[in-house]
Amino acid sequence: MVLIGVICGLLVITALFAGCTQSAPATATPVPTTLPATAPETTTAALVAATPSAAQTTVAPTATPVPNFTPSQSNLVVFTAASLTGASNTIGSSFTKAYPGTTVSFDLDGTQALKTQVENGAYADVFISASNSYTNTLNKEGYFVPNTVQTLTTNYIIVILPPSNPGNIQTLADLAKPGVRIAMEASTVPAGTATLAVLNNLANDTYSQTWKNQTISNVVTYETSEPAVATKVGLGEVDAGFVYQSTATAAPSGTYQSITIPKKDNYLQTYTIGILNGSKNKAAAAWFEQFMISSAGQQILKQFGFTAP
Amino acid sequence: MKQNMAMFLERFRKKNYRPNLTYLIAGVLIAAVTFYLAFPIIALLIRVTPDMFFTTLKDPDVVRALWLSLFTTVITLTIVIVVGTPFAYFHSRYSYPGKVVVDTLIDLPLVLPPAVAGVALLVLYGRAGILGHYFNMFGISIAFTTLAVIMAQIFVASPFYLRQAKSLFEQLDPAYEQTARTLGASSFRILALVTIPMTAGGLISGAVMTFGRALGEFGATIMFAGNLPGVTQTMPLAVYVGMEGDINVGLTISILLVIISFAIMIVVRIIQKMEAARA
């Protein structure tokens, strides 16, 4: 008796799994008849370009709240490098204003974590990566739609200090002082690789290997994402932290003090954007990528401290 | 088999299907729970070959994370038991002003998200923290040290033991302790020789849960103690960081944790069986 129950249980569970992973009923993907060919200068121009297409009306704005990360006609899932956390709200609202009927969900995490998730089957429409090498790996493994990977923006590394500067750090040389506490990203995080490269460059050009070794021994924590380092610095728990310039620029004035790193020693981190093969909204994903590369998206990134590519 | 089917159909026809339905539902539920809990573990074991496992075990980061995890968790457990047992005893036996508040506070870390606990500890004991900056003046730093790992573990894991101990002591028939008192035993003797032996089984189970929770603590640790191999990088942190770099490292540590968990559960079952045999 119980045996029959167990078998039925297995069937029920299998059915449930099959049902849950079923793709949304495929209606004809609305292909906009007028894809904004030139970068829309203002959002109203984009509206004018988008509304005439009859296809827009088939994208039914959902009346009931759609849970995050459900693949649906009008919801885009964007896996984004954590350093775009500050900009993500503005990007999301600007995009949905320019393309009514769409919603964007950002999954913000270290690029290394997002890459692992994609490789293990996580669903996303667009992937914004902070590291060329992770992008190349994913590309080689065939996760991107061919020819959709483009350069999005760039970022430099900077040293930030708590506003009160408890470690009394005036120059980069002070980072090697004994007793200084530094926060850095883990080496698997793109910002961490960039920081290590910067330290190497600085050691070779200006300071010594001893300086580099001292600085590294002053690191008290290897965080798993770039914003986490900024948080520790902001709380005053560490004396200095290596982050992207965008974090320092976009923060309200007075949040951090900063020490810039000379361009010749700095590491230019290149962000890329691409559409994933597994996406079920490739058309909407293309709109998003187009939006981000156009002057509308670039303007937002510049506002948040990113450097134009 | 045919006979069983015939009997089964007979009972159905007689509309006496209630017991069968119960068995059916029971079967479904048991299957669902068993598979939901077992399959992820099995998947983990399938994904890592023994070869990969032993190679990655030699990785110095893995070894350090293992030692640090075990070291901190054992200390956490010791402190929770040594301090928590008398506390739970007095808390359950006496009533004092503010007892309700303390009762609620014991349960608080259970519902508090670990990351929040980490932030709270950091804001209090951190170098720029409310209490922390006094410690800092004396040169004592707490955040980003192994001590911080232990403090974070105690914060999130102690409720498991305290609640268990408290409810066990409350349920214990006071007659035993009263008899001991009439025979002239002091409070301490009563606690050690009467109360604890009688509640040992439940206390051990509470200790096991505390150990497990402390071993698996991630959010509070990374927030308050940071992530530094050898100093504050416990196994869960190593899994997370490892997964992103070399997935084999992450999987190996995960299996290590599963093995340790199973080992503890087996040891506890054996102890409980021994206790039951003695009683």
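Taken in sequence, the protein lines are chains A and B. Offset between the first sequence (1-based) and the numbering used here: plus 1445. Offset between the second sequence (1-based) and the numbering used here: plus 258. Note that the Cβ used here is the ideal one computed from N, Cα and C, for glycine as well.
#### Entry: Beta-carbon contacts of Glu-533 of chain B that lie in its chain and below 7 Å, excluding the five residues immediately before and after
Looking up residue 533 of chain B in the second sequence gives position 275. Within the same chain, Cβ atoms closer than 7 Å to the Cβ of Glu-533 of chain B are found at Ala-458 and Gly-459, the five residues on either side in sequence being excluded.
### Selection from B:Asp-365, B:Thr-330 and B:Phe-396 that minimises the alpha carbon distance to Thr-492 of chain B
Here residue 492 of chain B corresponds to residue number 234 of the second sequence, with the count starting at 1. The shortest Cα separation from Thr-492 of chain B among B:Asp-365, B:Thr-330 and B:Phe-396 belongs to B:Thr-330.
### Message
For the structure I just gave you, are there three or more beta carbon pairs, one from the segment 1682-1698 of chain A and one from the segment 501-515 of chain B, closer than 8 Å?
### Response
no
### Query
How close, in whole Å, do the beta carbons of Val-1643 of chain A and Asn-1711 of chain A come, if the pair is a contact with beta carbons under 8 Å?
Against the first sequence, residue 1643 of chain A aligns to sequence position 198. Against the first sequence, residue 1711 of chain A aligns to sequence position 266. Rounded, the Cβ-Cβ distance is 6 Å, consistent with contact.
### Query
What residues of chain B sit near Gly-1679 of chain A, judged by a beta carbon separation below 9 Å?
Numbered from its first residue, the first sequence carries residue 1679 of chain A at position 234. What Gly-1679 of chain A touches in chain B: nothing, since even the nearest Cβ is about 10 Å away.
### Message
Against Asn-506 of chain B, what residues of chain A qualify as contacts under a CB-to-CB distance less than 9 Å, listed in chain order?
### Response
The residue labelled residue 506 of chain B in the question sits at position 248 within the second sequence. The contacting residues do not exist; Asn-506 of chain B stays about 12 Å from chain A at best.
### Query
Does DSSP put Met-501 of chain B in a helix, in a strand, or in coil?
As a working note, residue 501 of chain B is residue 243 in the second sequence. The three-state reading of DSSP puts Met-501 of chain B in helix, counting H, G and I together.
### Task
Using beta-carbon positions only, say whether Leu-486 of chain B and Val-1665 of chain A come within less than 8 Å of one another.
As a working mapping, residue 486 of chain B is identified with position 228 in the second sequence. As a working mapping, residue 1665 of chain A is identified with position 220 in the first sequence. Against a cut-off of 8 Å, the Cβ pair of Val-1665 of chain A and Leu-486 of chain B comes out as a contact.
### Query
How about Phe-402 of chain B: is its C-beta nearer than 8 Å to some C-beta of chain A?
Your numbering for residue 402 of chain B matches position 144 in the second sequence. True, the Cβ-Cβ gap to chain A drops below 8 Å.
### Query
Okay, do the segment 1734-1751 of chain A and the segment 1714-1723 of chain A touch, 3+ Cβ pairs below 8 Å being the bar?
Enough Cβ pairs lie closer than 8 Å, so yes.
### Message
Taking 8 Å as the threshold (C-beta atoms), are Thr-403 of chain B and Val-489 of chain B in contact?
### Response
To locate residue 489 of chain B, count along the second sequence from 1; it is residue 231. To locate residue 403 of chain B, count along the second sequence from 1; it is residue 145. Yes; because the gap between Cβ atoms is below 8 Å, this pair is in contact.
### Query
Straight-line CA distance for Val-381 of chain B to Val-358 of chain B?
The residue labelled residue 381 of chain B in the question sits at position 123 within the second sequence. The residue labelled residue 358 of chain B in the question sits at position 100 within the second sequence. So the two alpha carbons sit approximately 26 Å from each other.
### Query
Quick one: what does DSSP say Asp-1554 of chain A is sitting in, helix, strand or coil?
The residue you call residue 1554 of chain A lines up with position 109 of the first sequence. Strand, per DSSP.
### Query
Should Tyr-498 of chain B be labelled buried (16 or more other beta-carbon atoms within 10 Å of its own) or exposed?
Looking up residue 498 of chain B in the second sequence gives position 240. With 16 or more Cβ atoms within 10 Å of its Cβ, Tyr-498 of chain B is classed as buried.
### Query
Among A:Lys-1727, A:Ala-1753, A:Thr-1752 and A:Ile-1738, which has the Cα closest to the Cα of Thr-1547 of chain A?
Locating residue 1547 of chain A in the first sequence gives position 102, where the first residue counts as 1. Thr-1547 of chain A has its Cα closest to that of A:Lys-1727, out of A:Lys-1727, A:Ala-1753, A:Thr-1752 and A:Ile-1738.
#### Entry: Chain-order list of residues whose beta-carbon lies under 6 Å from that of Leu-326 of chain B (same chain, five-residue window excluded)
Residue numbering aside, residue 326 of chain B sits at position 68 when the second sequence is read from its first letter. So the list reads Thr-492, once near-sequence residues are dropped.
#### Entry: Environment of Arg-527 of chain B [buried if 16+ CB atoms lie within 10 Å]
Position 269 of the second sequence, counted from the start, is the residue given in the question as residue 527 of chain B. By the neighbour-count rule (16 or more Cβ atoms within 10 Å), Arg-527 of chain B is not buried but exposed.
### The alpha helix (DSSP H) enclosing Ser-1763 of chain A, as first and last residue numbers
Nothing about residue 1763 of chain A can be read from this structure; chain A reaches only from 1446 to 1754.
#### Entry: Residue(s) in a DSSP beta bridge with Phe-311 of chain B
Position 53 of the second sequence holds residue 311 of chain B. In DSSP, Phe-311 of chain B forms no bridge with anything.
#### Entry: Ranges of the alpha helix (DSSP H) found wholly within the segment 1668-1706 of chain A, counting only runs of at least 4
1671-1679 and 1690-1695
### Query
Given a threshold of 16 other Cβ atoms within 10 Å of its Cβ, counted over all protein chains shown, does Ala-1741 of chain A qualify as buried or as exposed?
Position 296 of the first sequence, counting from 1, holds the residue named residue 1741 of chain A. Ala-1741 of chain A comes out buried.
### Query
Between the segment 377-404 of chain B and chain A, which residues of the former have a C-beta closer than 7 Å to a C-beta of the latter?
Leu-380, Gly-384, Arg-385, Ala-386, Ala-401 and Phe-402
### Query
Going by beta carbon distance, what residues of the same chain come within less than 6 Å of Gly-1555 of chain A, once the five residues before and after it are set aside?
Translated into positions along the first sequence, residue 1555 of chain A becomes position 110. These residues qualify, in order along the chain: Ala-1527, Val-1634, Thr-1669 and Ser-1670.
#### Entry: Coarse secondary structure for Ile-412 of chain B, derived from DSSP in three states
Mapped onto the second sequence, residue 412 of chain B falls at position 154. Three-state DSSP puts Ile-412 of chain B in a helix.
### Task
Please determine if the segment 410-423 of chain B and the segment 362-370 of chain B are in contact, where contact requires at least 3 C-beta pairs separated by less than 8 Å.
yes
#### Entry: For Gln-1595 of chain A, three-class secondary structure by DSSP
Along the first sequence, one-based indexing puts residue 1595 of chain A at 150. Here Gln-1595 of chain A sits in strand by DSSP.
### Task
Determine the burial state of Leu-514 of chain B: buried for a count of at least 16 other Cβ atoms within 10 Å of its Cβ, exposed for fewer.
Residue mapping note: residue 514 of chain B aligns to position 256 of the second sequence, counting from 1. Answer is buried; the Cβ neighbour count reaches 16.
#### Entry: Rounded straight-line distance, which links the Cα of Ser-353 of chain B to that of Leu-420 of chain B
For the purposes of this step, residue 420 of chain B is identified with residue 162 of the second sequence, where counting begins at 1. For the purposes of this step, residue 353 of chain B is identified with residue 95 of the second sequence, where counting begins at 1. About 16 Å.
### Task
Taking only beta carbons into account, state which residues of the segment 1563-1593 of chain A come closer than 9 Å to chain B, listed in chain order.
Glu-1564 and Asn-1565
### Task
Return helix, strand or coil for Leu-1721 of chain A, following the three-state DSSP convention.
Here residue 1721 of chain A corresponds to residue number 276 of the first sequence, with the count starting at 1. It is a strand residue.
### Message
Check whether the segment 283-291 of chain B and the segment 1566-1575 of chain A are in contact - that is, three or more C-beta pairs closer than 8 Å.
### Response
no
### Task
Please state whether DSSP places Met-1629 of chain A in a helix, a strand or coil.
What you label residue 1629 of chain A is simply residue 184 of the first sequence in a count that begins at 1. DSSP places Met-1629 of chain A in strand when its eight states are reduced to three.
### Query
Around the C-beta of Pro-318 of chain B, are 16 or more other C-beta atoms found within 10 angstroms, so that it is buried, or is it exposed?
Sequence index remark: in the second sequence, residue 318 of chain B carries index 60 (1-based). Under this definition Pro-318 of chain B is an exposed residue.
### Query
Taking the DSSP output, what are the residues bridged to Ser-1574 of chain A?
By one-based count along the first sequence, residue 1574 of chain A stands at place 129. In DSSP, Ser-1574 of chain A forms a bridge with A:Thr-1717.
### Message
DSSP three-state label for Ile-400 of chain B, please.
### Response
For this step, residue 400 of chain B is matched to residue 142 along the second sequence. In this structure, Ile-400 of chain B counts as coil in the three-state DSSP scheme.
### Query
How should Glu-1586 of chain A be labelled, buried or exposed, when 16 other C-beta atoms within 10 angstroms of its C-beta is the threshold for buried?
As a working note, residue 1586 of chain A is residue 141 in the first sequence. With fewer than 16 other Cβ atoms within 10 Å, it is exposed.
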